[in-house]
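Here the numbering used here is used: the first residue of the sequence shown is 1, the next is one more, and so on.
Here is the structure we will look at.
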Amino acid sequence: MAMKGRQFLIWLTGIIVIIWALNVPFLTSLAIKDGNSGQVLLSLPMKPDDSFSLRYIHSIHRTTVIEKYYIDEHLNLVVDEMIFDSYGVGIPSELEPGQQLAMENGKFILRNVNRKLPYFDQRIGQEIANHVLMVKGREIPLSWISLPGSSVRFQAIRETSLQYFERGLSQWLNKRILKP
């Protein structure tokens, strides 16, 4: 009888550990949330120092801009680099300490921007901008995630294994977002 009681305690302890592990947020993800409701529309697994980019057409200059970000250990989205064709409205015109500006292949590259953001909001372009999230070899038009004209919030979050699995399954079933 003592052996059965011991086995039961081992099984019970194992189940408790599994339930606990499934509900502790430790997985880092880049979340794109609805700008109004805060609902997570897309969640992509990331690790600290993983990078992603946002490419769009500048509404005034009609030229391509690429903003490069990475996630730091405190879940900040850090603006690391900007690539653009010309100076003007909405484009940095002065260097801050530590920043470097280079010209490569006819494009301006602003490096070491090092601007830390807990999140940032982005309105999805309706006609010109054509915002595209570039991450891990994928290009995901923001208009696939939410309607043009709507606002989305980019934020690094920690998720539980259960949330991660549930969201991953939902995104897999909705294959239009995760096409490579």
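Every residue, glycine too, gets a C-beta built ideally from N, C-alpha and C.
Only a predicted model underlies this, so the values are computations on that prediction, with no experimental measurement involved.
Ends of the beta strand (DSSP E) at Tyr70?
64-71
When we look at the beta-carbon of Leu12 and count the other beta-carbons within 10 Å, is it buried (16 or more) or exposed?
exposed
Can you grab the Cα-Cα spacing for the pair Phe120 / Thr28, in whole Å?
17 angstroms
Quick one: grab the DSSP three-state call for Thr160.
coil
C-beta neighbour in chain C for Asp72, strict 8 angstroms
Although the question refers to chain C, the structure presented lacks it and comprises just one protein chain.
Whether Ser86 touches Ile66 by CB criterion (8 angstroms):
no
First and last residue of the uninterrupted beta strand (DSSP E) at Ile60:
Run containing Ile60: none; DSSP gives neither H nor E here.
Between the alpha carbons of Gly35 and Leu9, how many angstroms are there, rounded?
47 angstroms
Would you mind reading off the limits of the beta strand (DSSP E) that contains Met103?
100-104
Please name the residue or residues paired with Asp50 in a DSSP beta bridge.
For Asp50, which the question treats as bridged, DSSP gives no partner whatsoever.
Quick check: the Cα distance between Ala129 and Lys68, rounded to an integer number of angstroms?
16 angstroms
DSSP-derived helix/strand/coil call for Leu169:
helix
Cutoff 8 angstroms; reference Pro180; Cβ partners in own chain excluding five residues on either side
Unreliable placement is indicated for Pro180, whose pLDDT of 45 sits below 50; no coordinate value is reported for it.
CB-CB under 8 angstroms to Asp72, same chain, minus the five flanking residues each way: which ones, in chain order?
Pro48, Asp49, Val78, Lys116
Since Lys107 sits in a beta bridge, which residues does DSSP pair it with?
Glu104
Residue environment, Ala156, which counts as buried when at least 16 other CB atoms sit within 10 Å
buried
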